[in-house]
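Peer 1: Here the sequence shown is numbered in the working numbering, starting from 702 and rising by one per residue. Just dropping this structure here.
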Amino acid sequence: MAYIYQTPRLLIAERMAADDNDRAWLKSAKFAKTDNGYWLAWQGNDPGRAAFLTPDHPKEQPARWLESWDKDDTVETLIAYVESGEIERDEPDGFMMNLQILNEATGEWE
702 MAYIYQTPRL LIAERMAADD NDRAWLKSAK FAKTDNGYWL AWQGNDPGRA
752 AFLTPDHPKE QPARWLESWD KDDTVETLIA YVESGEIERD EPDGFMMNLQ
802 ILNEATGEWE
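The structure is reproduced here in structure tokens:
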């Protein structure tokens with residue numbers, strides 16, 4: 702299971718922002734480092750939009766994003782998704798992904 706930090710990780714925040722001033726919120730974000738080497742950051746108690754760095758993320762590029770359409774997703778859901786390796790399978794470029802799948806037969810999000 703990932704380690705969730707109780708204090709901001711300023712060096713990781715700077716790396717995630719990569720000189721993008723619109724990402725100043727990262728300095729007060731919550732951070733986690735997963736067992737498979739990803740860094741995650743989100744605001745407050747809402748992991749619905751999280752910045753992430755892959756273990757081999759280029760230092761000069763800003764963090765990529767994960768977005769969830771399910772309002773009930775938790776930090777644990779986010780971490781489990783990343784640690785399971787699904788992130789690499791679902792979106793190898795990792796810009797954005799939906800943690801739910803639309804069931805075309807029922808029209809429901811799963």
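No residue lacks a Cβ here, since even glycine has one placed at the ideal position from N, Cα and C.
Drop a sphere of 10 angstroms on the beta-carbon of residue 756, count the other beta-carbons inside from all chains shown, and report buried for 16 or more, exposed for fewer.
Peer 2: Exposed: under 16 other Cβ atoms inside 10 Å.
Peer 1: Within 10 angstroms of its Cβ, does residue 765 collect 16 or more other Cβ (buried), or is it exposed?
Peer 2: Buried, because 16 or more other Cβ atoms sit within 10 Å of the Cβ of residue 765.
Peer 1: So residue 745 and residue 772 are supposed to be a Cβ contact under 8 Å. How far apart are they, rounded?
Peer 2: Incorrect: roughly 14 Å between the Cβ atoms, too far for contact.
Peer 1: From residue 799 to residue 767, what distance separates their C-alpha atoms?
Peer 2: Its pLDDT being 44, under 50, residue 799 is placed unreliably by the model, and nothing is read from it.
Peer 1: Only counting the same chain, and skipping five residues up and downstream in sequence, which positions put a Cβ closer than 8 Å to that of residue 726?
Peer 2: The answer, listed in chain order, is 744.
Peer 1: Comparing alpha-carbon positions, which option in 713, 733, 779, 791 lies nearest residue 705?
Peer 2: Comparing Cα positions, the closest option is 733.
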